[in-house]
Ligand code: SF4
């Protein structure tokens, strides 16, 4: 919370623009001030998770591709990193970042220019591929996810690309651990009434033991997904579930209550609000309309909802944002 205020006071003007690929620094509970880099087009992923806050996967694939020229992206990341001095440069995306075939070259380029640590947020689905393990190993911290311990639940919760099995995913993570000596923090998304069943949690914990993560972190889908049957757990209940894991898990979900934060920067908020005043939009509509990255745009939308300037609503199974026309201040949806 304080770090956000400090960011807002000291930020260079360039930090406050929404970009197609680089966003932030944004305050991250795990990573401090995190400069995000979006490595894939909206929404390209090897999974189509039921809880995904970005909406349904439109390109479900296991094929890597050179979505953008590395040099242009590298130039922007380095310039933004030098101007804003984040605690971490975080490789993530509007989907799965390891699908970007320029990943290794990009990380090497960043490392040659700055000593800011690099974190990779990944679903961990494709670590059986040697080149993906090599690229990921260049990062200083890898945060994969594992949401299921058995095949049936894996297919339900992550809805992977055709043919991908949980055993392949696990074997990939085991292979990665064998050669990667830097930290692996495993994230487990816990869905109310589904993942929280003791048998399921035990199976996830057993599978996680095979690749020995340094930390296990429990999250819950507090942000809305496009599926209205997915609900978060209360934080107290999440705390209770930590003891299923070894090492004992920690909770990283943000509290579902309004938090006092610095207001969203006007030059980020204005174009988004302008669109919402015309009509309700999905996250994808806004990103397409403004040419901005989904994770960065989502942060702005969440801030607008917190400030009571926008609201979230489900319509025909899709999640929209709308300008709040005089409604009382809402919580982050
Ligand atoms: S892996 Fe991440 S981006 Fe892909 S569908 Fe799941 S939550 Fe969304």
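Residue numbers (my numbering): 62 to 394. Yeah, the Cβ is synthetic: ideal placement off N, Cα and C, and Gly gets one too.
(Q) For ligand 1, I want to know if residue 184 counts as a neighbour, meaning its beta carbon is within less than 6 Å of at least one of the ligand's heavy atoms. (A) yes
Q: Select from 372, 384, 356 the residue whose C-alpha is nearest the C-alpha of residue 99.
A: 356
Q: Report the three-state DSSP secondary structure of residue 156 (helix, strand or coil).
A: strand
Q) If you count every other CB in all the chains shown that lies within 10 Å of the CB of residue 307, and 16 or more means buried, which is it? A) exposed
Q) Does DSSP put residue 113 in a helix, a strand or coil? A) In this structure, residue 113 counts as coil in the three-state DSSP scheme.
(Q) When you measure from the CB of residue 156 to every non-hydrogen atom of ligand 2, does any distance come out below 6 Å? (A) In the structure shown, ligand 2 is absent; the only ligands present are ligand 1.
Q. Tell me the DSSP bridge mates of residue 276?
A. Answer is 246, bridged to residue 276.
Q. Is residue 293 helix, strand or coil by DSSP?
A. coil
**Q.** Cβ neighbours of residue 246 in the same chain (closer than 8 Å, five flanking residues each side left out)
**A.** 91, 202, 203, 204, 274, 275, 276, 277, 278
Q. Taking the continuous beta strand (DSSP E) assigned at residue 384, which residues delimit it?
A. 379-384
**Q.** Coil, strand or helix - residue 97 by DSSP
**A.** strand
Q. In three-state DSSP terms, what is residue 348?
A. helix
Q. Does residue 134 come within less than 7 Å of chain D when only Cβ atoms are used?
A. Among the protein chains of the structure shown there is no chain D, as only one such chain exists.
Q) Do residue 152 and residue 181 have their C-beta atoms within less than 7 Å of each other? A) yes
Q. Quick one: Cα of residue 318 to Cα of residue 269, how far?
A. A caution first: residue 318 carries a pLDDT of 48, below 50, which makes its placement in the model unreliable, though a value can still be read off. Answer to the nearest angstrom: the Cα atoms are 31 Å apart.
Q) Which value, in whole angstroms, describes the spacing of the CA atoms of residue 343 and residue 137? A) 27 Å
Q: Can you tell me which of the three DSSP states residue 319 falls into?
A: Annotation note: pLDDT 47 at residue 319 (below 50); position unreliable, coordinate value reported separately. Three-state DSSP puts residue 319 in coil, outside helix and strand.
Q | Segments assigned beta strand (DSSP E), at least 3 residues, entirely inside the segment 186-215 | A | 202-204
Q: Consult DSSP for residue 284 and reduce its assignment to one of helix, strand or coil.
A: coil
Q. Residue 142 and residue 179: beta carbons closer than 7 Å?
A. no
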